[in-house]
Amino acid sequence: MSSSTENAPVAGDYIVHHLTHLTNTGHKQLAVIDWTVINVDTLFWSISMGALAIIVMIIAARRATSGVPGRLQGAVEMLVDMVETQSKAIVHGDRQFIAPVALTVFVWVLFMNALDFLPVDLVPRAAAEWFGLHHQRIVPTADLNGTLGMSLGVLLLCLYYNIKIKGFGGWVHELFTAPFGNHPLLYPINFAMQMIEFVAKTVSHGMRLFGNMYAGELVFMLIALMGSTATAMGFFGHVVAGSIWAIFHILIVVLQAFIFMMLTLVYIGQAHESH
Amino acid sequence: MNLNATLFAQLAVFFVLAWFTMKFVWPPIMKALDERAGKIADGLAAADKAKTDLVHAEKKAAEELRHARESAAEFRSGAEKQAAQLLEEARTEAARVVSVAREAAEAEAGVAAQRAKEALREQVALLAVAGAEKILRKEINPQAHAELLSQLKSEL
Chain D
13 MSSSTENAPV AGDYIVHHLT HLTNTGHKQL AVIDWTVINV DTLFWSISMG ALAIIVMIIA
73 ARRATSGVPG RLQGAVEMLV DMVETQSKAI VHGDRQFIAP VALTVFVWVL FMNALDFLPV
133 DLVPRAAAEW FGLHHQRIVP TADLNGTLGM SLGVLLLCLY YNIKIKGFGG WVHELFTAPF
193 GNHPLLYPIN FAMQMIEFVA KTVSHGMRLF GNMYAGELVF MLIALMGSTA TAMGFFGHVV
253 AGSIWAIFHI LIVVLQAFIF MMLTLVYIGQ AHESH
Chain G
25 MNLNATLFAQ LAVFFVLAWF TMKFVWPPIM KALDERAGKI ADGLAAADKA KTDLVHAEKK
85 AAEELRHARE SAAEFRSGAE KQAAQLLEEA RTEAARVVSV AREAAEAEAG VAAQRAKEAL
145 REQVALLAVA GAEKILRKEI NPQAHAELLS QLKSEL
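Protein chains in written order, with our numbering: chain D, 13 to 287; chain G, 25 to 180.
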């Protein structure tokens with residue numbers, strides 16, 4: 013984890029290196045938005061964690077019996093029950109797809125967030141040594157593309173359910189008449205408000221998770237930097253601060269996954285209700 | 025903080041995973057949960073029923089016990105009465121048997137005494153005759169003196 017003093021990187025270089033994605037182009041993305049670039053590391057880890065989440069849940073689902081449950085089944089059942097209860101309270105309507113979406117979101121985000129517990133240098137170093145990959149960011153939720161991708165999915169679901177529940181005409185009517193009222197003068201204001209609301213929901217939904225995980229990752233890096241000074245103080249600081257932050261991060265990882273799931277339900281639930 | 029095509033890939037993954045969960049994870053688990061809820065409800069209902077059954081059975085058992093006790097008491101008093109009666113009958117029978125035996129014994133004793141008397145009488149007569157013979161030293165003709173002898177016999 014901590015490099016020795018003779019090849020210790022400059023702090024700034026270390027951080028920048030760790031915050032650089034492995035891209036399909038092979039070099040750092042320069043423009044703020046570039047649709048030709050794909051973060052291979054983000055995709056790899058998010059799909060891996062998604063697959064892992066699905067596999068764990070499928071194993072539990074396969075073994076699910078109405079008899080006495082085992083530990084895995086009990087744990088997954090508690091999760092399913094929690095999601096079911098929450099979705100029932102928040103979404104009033106057909107939850108055949110919505111409740112599984114919430115479950116998927118929770119478990120998937122939880123697993124992706126949990127990648128933050130791996131030592132910050134472990135996977136990048138292994139990737140460099142064994143596969144010759146020079147950049148590797150393993151927490152997909154600390155990548156804005158990862159979180160905004162999911163919140164965009166939630167936005168699409170919101171639009172779908174808005175149209176499904178209220179009909180296209182009803183939804184357009186609502187876009188122009190809510191929240192201020194049905195008057196021609198208020199149409200543009202209502203519409204603007206609605207647009208702002210949709211954008212704000214989606215951006216804040218993705219940004220919230222990203223910000224938390226990005227900050228968490230950055231703090232881990234700073235703590236690792238302290239250890240990399242290879243002094244007694246640095247070592248001590250690394251161990252103490254690293255332990256404290258990792259323990260605190262357990263809370264953040266679960267909490268952020270839960271918040272992301274709850275907001276998913278809340279936004280989709282709002283799509284079911286007329287203003 | 026750069027945006028790129030990863031966004032859309034992630035979007036696609038999101039829906040694939042959600043669809044997968046809806047298709048293969050959610051239904052069996054919910055089914056198991058619902059079934060278990062049903063089983064538990066059935067179990068609770070059965071327990072309730074068992075409880076009322078138990079109360080019922082206890083009541084019935086107490087009643088049976090009371091019946092048994094009553095009939096046992098009845099039996100006992102009946103048996104006592106019967107025993108007393110039997111005892112009484114046995115007593116009277118015994119008394120009867122004893123009196124019959126006594127009467128028989130008395131009768132037999134009377135007969136024996138009579139017989140002994142007769143025998144004695146004959147022997148006394150013979151003795152008397154023998155004595156008289158000796159006294160008279162002369163034969164007495166039994167035929168001639170039969171009347172005398174029989175008279176003597178009856179006097180004894």
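Note that the Cβ used here is the ideal one computed from N, Cα and C, for glycine as well.
Boundaries of the alpha helix (DSSP H) around residue 52(G): 50-160. For residue 25(D), the uninterrupted alpha helix (DSSP H) segment begins and ends at 23-30. Taking the beta carbon of residue 79(G) as reference, no residue of chain D falls within 8 Å; the closest one sits roughly 30 Å away. Assignment of residue 263(D) by DSSP, reduced to helix, strand and coil, places it in the helix class. Note that the segment 257-270 of chain D does not touch the segment 44-58 of chain D; fewer than 3 beta-carbon pairs, one per stretch, sit closer than 8 Å. By a beta-carbon distance limit of 8 Å, residue 147(D) does not contact residue 237(D). Their separation comes to about 18 Å. Taking the CA atoms as reference points, residue 49(D) sits about 9 Å from residue 27(G). In chain order, 123 place their CB closer than 8 Å to the CB of residue 64(D), counting only its own chain and leaving out the 5 sequence neighbours on each side. It is roughly 19 Å from the alpha-carbon of residue 115(D) to the alpha-carbon of residue 77(D). Here the segment 29-37 of chain G does not lie against the segment 124-133 of chain D, with fewer than 3 beta-carbon pairs under 8 Å apart.
In this structure, residue 132(D) lies near residue 30(D), with their beta-carbon atoms less than 9 Å apart.
Neighbours of residue 89(D) in chain G, taken as residues at a C-beta separation under 9 Å, are given in chain order as 53, 56, 57 and 60. Contact check between the segment 223-241 of chain D and the segment 196-205 of chain D: fewer than three CB pairs, one atom from each, fall below 8 Å, which does not count as touching. Under DSSP, residue 35(D) shares a beta bridge with 51(D).
The beta-carbon of residue 65(G) is placed no less than 9 Å from the nearest beta-carbon of chain D.
In the three-state reduction of the DSSP assignment, residue 150(D) falls in the coil class, being assigned neither a helical nor a strand state. From the beta-carbon of residue 29(G), the residues of chain D found nearer than 9 Å are 36, 46, 47, 48, 49, 50, 51 and 157. Contacts with chain G (Cβ-Cβ distance below 8 Å) from the segment 98-126 of chain D involve 108, 109, 111, 112, 113, 115, 116, 117 and 120, listed in chain order.
Minimum Cα-Cα distance from residue 204(D) among the listed residues 216(D), 103(D) and 186(D) corresponds to 186(D).
Against chain G, a Cβ distance below 7 Å from residue 206(D) picks out nothing, because the smallest value is about 22 Å.
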